[in-house]
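Asks: Just so you know, we're using this note's numbering here: the sequence shown kicks off at 294 and counts up by one. Positions of the beta carbon are idealized from the N, C-alpha and C atoms, including for glycine. Here the structure is a predicted model, which means the values were calculated and not measured.
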Amino acid sequence: MSTTGTTIVWFRDDLRVHDNPALHAAVKRGDPIVCLYVLDDESAGIRPLGAASRWWLHGSLTALAGELHELGLPLTLRRGPAEAAVRAIVQETDATTVLWNRRYGEAERAVDAALKSSLRAEGLTVESFQASLLFEPWTVLTGQGGYYKVFTPFWRSVTAGPPPRHPLPAPAAATATATATAADAHLADDDKPPRHRPVDSDDLDSWALLPTRPDWAAGLRERWQPGSAGAHERLRSFVRNGVGTYVDEQDFPAEDATSNLSPHLRFGEISPFEVWHAVDQHRARVRGDEGGASAYLRQLVWREFAYHLLFHLPSITSENMRPEFDRFPWQEPDAAELERWQQGRTGIPLVDAGMRELWQTGVMHNRVRMVVASFLVKNLRVDWRVGEAWFWDTLVDADPASNALNWQWVAGSGPDAAPYFRVFNPELQASKFDKHGAYVERYVPEVGTDAYPAPMVDLAESRRAALDAYATIR
Numbered sequence: 294m295s296t297t298g299t300t301i302v303w304f305r306d307d308l309r310v311h312d313n314p315a316l317h318a319a320v321k322r323g324d325p326i327v328c329l330y331v332l333d334d335e336s337a338g339i340r341p342l343g344a345a346s347r348w349w350l351h352g353s354l355t356a357l358a359g360e361l362h363e364l365g366l367p368l369t370l371r372r373g374p375a376e377a378a379v380r381a382i383v384q385e386t387d388a389t390t391v392l393w394n395r396r397y398g399e400a401e402r403a404v405d406a407a408l409k410s411s412l413r414a415e416g417l418t419v420e421s422f423q424a425s426l427l428f429e430p431w432t433v434l435t436g437q438g439g440y441y442k443v444f445t446p447f448w449r450s451v452t453a454g455p456p457p458r459h460p461l462p463a464p465a466a467a468t469a470t471a472t473a474t475a476a477d478a479h480l481a482d483d484d485k486p487p488r489h490r491p492v493d494s495d496d497l498d499s500w501a502l503l504p505t506r507p508d509w510a511a512g513l514r515e516r517w518q519p520g521s522a523g524a525h526e527r528l529r530s531f532v533r534n535g536v537g538t539y540v541d542e543q544d545f546p547a548e549d550a551t552s553n554l555s556p557h558l559r560f561g562e563i564s565p566f567e568v569w570h571a572v573d574q575h576r577a578r579v580r581g582d583e584g585g586a587s588a589y590l591r592q593l594v595w596r597e598f599a600y601h602l603l604f605h606l607p608s609i610t611s612e613n614m615r616p617e618f619d620r621f622p623w624q625e626p627d628a629a630e631l632e633r634w635q636q637g638r639t640g641i642p643l644v645d646a647g648m649r650e651l652w653q654t655g656v657m658h659n660r661v662r663m664v665v666a667s668f669l670v671k672n673l674r675v676d677w678r679v680g681e682a683w684f685w686d687t688l689v690d691a692d693p694a695s696n697a698l699n700w701q702w703v704a705g706s707g708p709d710a711a712p713y714f715r716v717f718n719p720e721l722q723a724s725k726f727d728k729h730g731a732y733v734e735r736y737v738p739e740v741g742t743d744a745y746p747a748p749m750v751d752l753a754e755s756r757r758a759a760l761d762a763y764a765t766i767r
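#1: Short of 6 Å in beta carbon distance, which residues of its chain neighbour residue 649, apart from the five on each side in sequence? Order them along the chain.
#2: Tell me whether residue 545 sits in a helix, a strand or coil according to DSSP, three-state version.
#3: Measure the C-alpha to C-alpha separation of residue 571 and residue 647 and round it to an integer number of angstroms.
#4: Quick check: the Cα distance between residue 511 and residue 653, rounded to an integer number of angstroms?
#5: For residue 356, which option in 519, 515, 432 and 427 has the closest C-alpha, if you only look at C-alpha atoms?
#6: I need the boundaries of the beta strand (DSSP E) containing residue 370, first residue and last residue.
#7: Can you look up residue 553 in the DSSP assignment and give me helix, strand or coil?
#8: Does DSSP classify residue 329 as helix, strand or coil?
#9: Taking 9 Å as the cut-off, decide whether the C-beta atoms of residue 682 and residue 599 are in contact.
#10: Could you work out which residue in 719, 566, 416 and 320 is closest to residue 662 when comparing CA atoms only?
#11: Note down, in chain order, each residue of its chain lying with its Cβ closer than 8 Å to the Cβ of residue 460, except the 5 sequence neighbours on either side.
#12: At which residues does the beta strand (DSSP E) containing residue 301 begin and terminate?
#13: One question on the structure: do residue 560 and residue 336 come within less than 9 Å of each other, judged by their Cβ atoms?
#14: In terms of residues, what are the limits of the alpha helix (DSSP H) holding residue 452?
#15: Would a C-beta distance cut-off of 9 Å place residue 668 and residue 641 closer than the cut-off?
#16: Have a look at the DSSP bridge pairing and note the partners of residue 538.
#17: Looking at the unbroken beta strand (DSSP E) that takes in residue 420, where does it start and where does it end?
#18: Which of the three DSSP states, helix, strand or coil, is assigned to residue 392?
#19: Hey, out of 404, 427 and 756, whose CA is closest to residue 591's CA?
#20: Out of 379, 350 and 446, state which residue places its alpha-carbon closest to the alpha-carbon of residue 301.
#21: Applying the criterion that 16 or more other CB atoms from any shown protein chain within 10 Å of the CB defines a buried residue, is residue 437 buried or exposed?
#22: Along the alpha helix (DSSP H) that carries residue 739, what are the first and last residues, could you check?
#23: Would residue 401 be called buried (16 or more neighbouring beta carbons within 10 Å of its own) or exposed?
#24: According to DSSP, simplified to helix, strand and coil, what is residue 624?
#25: Can you tell me the Cα-Cα spacing of residue 287 and residue 594, whole angstroms?
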């Protein structure tokens, strides 16, 4: 066994070298580093990624491998239950240290806690770090010591305290490479541990993350560049061109007025600390953009709030947060009708535009997400979990906390939710936020022709039926 040992950096939802505390700590240790990613679809409670997220993951891992290669650090890929995969690398490399950045889902925390406990019991150093959230859930509590169930008090609490820490720099290539050799300098050749022995790695293509038959990802490839380079370019562009108009234009889906950072944050290609400070520094420099910067940072903290709830109430992903909704008379979805919603053939132009944008690009404008979700759970009275599952499969930014919270917000079943009687009228929303029809025309060019279907439901009648159903559980 090595006299200095090897450090394993276990990458998860932090696929970056900039502001990566686990990688930063590994480089500071000065020992040889093994960079590991495990595709875990098998551990108890771990939800497999949806198809669009798997497409993104392939590109993100490719980009991360390139960044690590420039540091002289290959990326090792393994597939299977995470605990077994990490243990296998520990044994193969005689590792003495394992480092990772924390996760906040219940199943993920269970895996991490078990592995940390068992490896420490065997004498290894195991440490975890804060990297994915600005404010960790157990640090933000009410005056009574409980967790926040309403966003606005949560926002006030976190912004009243110290600002988030500043981002850490990426390791220098020379520094990272030196970790593979410096610890061996005092040893004779025969005594040196096999630090350059290759660690077996899966071939990324063998994971079959990319769609082939059919290849439905052409629109995703056109829209997105997975990886940290694409993330930082989007952040720079948003700070230069988008922050100032964010308040006025964020609700208009035809405009390119949002940051487009959500999938990059989802996979940790950029850290929320980097985003926060870039926007906050812009606010300090440019007096006229305070409103846009504050509005955007509020959206960033909404993501934090989602993880706050996920940590304290893990059932948010599958159970109504307000138990009275367990009695709600959802309609069993007809397969053909559900398919019309999924494919954007409802006969409601704004709904169809949103669903087609989702299918073509892997994302949907946030205003339109609320409209299509409201249409499903209120006008069609389909359980929000059906919609959440479709978004999980088709969104490149399918985030376990935000996806569930946003669906429960629209459905009215969350503790801090839109009231159920608020039904988004797609026609009114279109008249307000797509007045000239540019967004609808982009994705549903056949509107107004015989090729476009009639509405599958009457909006007014289905709204009344939804409110009558809600009255039964009040």
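Replies: In this structure, then:
#1: 637 and 736
#2: coil
#3: 30 Å
#4: 8 Å
#5: 519
#6: 368-372
#7: coil
#8: strand
#9: no
#10: 719
#11: 311, 312, 564, 566, 567 and 570
#12: 300-304
#13: no
#14: 444-453
#15: yes
#16: None, per the DSSP bridge assignment.
#17: 418-422
#18: strand
#19: 427
#20: 379
#21: exposed
#22: Element bounds for residue 739: n/a, residue is neither H nor E.
#23: buried
#24: coil
#25: There is no way to answer for residue 287, as the model of the chain reaches only from 294 to 767.
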